[in-house]
Amino acid sequence: HFGSRLNLAGTRSEVMPDIEKETIPPKIAEECNFVNEYCRAKHRSVVGCSWTQTKGRVLMAQSAFKQGDVIFREPPLHIVAESKGNTAFDRLKELCKEHSQVF
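Put into structure tokens, the structure is as follows:
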């Protein structure tokens, strides 16, 4: 059930399915809320996190942008689940300590 939205240019554009009609698992809803609070605080809510059964979590523009517009800038986000004793995880922790300005 894709629809269209009137964008800032006054033309219609395709939008994602109406996620409010889909049942979002509570854990995912909590994660989306966390991302949305971050986007409000850091990026003026220019994007928002939502969820669909077919795509999972998605980050969607909250308004129309022109080609070439910078939506937001930030360093890459790096999240991992802690796994003590895992060689790759232990190495990652070392890198984080060695390069704290990056991680």
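Numbered by our numbering, the letters in the sequence shown go through residues 23 to 125 in order.
Cβ coordinates follow ideal geometry from the N, Cα and C atoms, glycine included.
On a predicted model such as this, the values are computed, not experimentally measured, just so you know.
Asked: Own chain partners of residue 103 with C-beta closer than 6 Å, once the 5 adjacent residues on each side are dropped; Found: none
Asked: Residue from 73, 95, 82, 114 with nearest C-alpha to residue 64; Found: 95
Asked: Assigned exposure category for residue 54 - 16 Cβ within 10 Å defines buried; Found: buried
Asked: Rounded separation between residue 118 and residue 111 - CA only; Found: 11 Å
Asked: Pairwise C-alpha distance: residue 97 and residue 83; Found: 19 Å
Asked: Proximity of residue 67 and residue 80 at Cβ, strictly below 8 Å; Found: no
Asked: CB contact flag (residue 93, residue 69, <8 Å); Found: yes
Asked: Coarse secondary structure for residue 98, derived from DSSP in three states; Found: coil
Asked: Assigned secondary structure, residue 68 (DSSP; H/G/I helix, E/B strand, else coil); Found: coil
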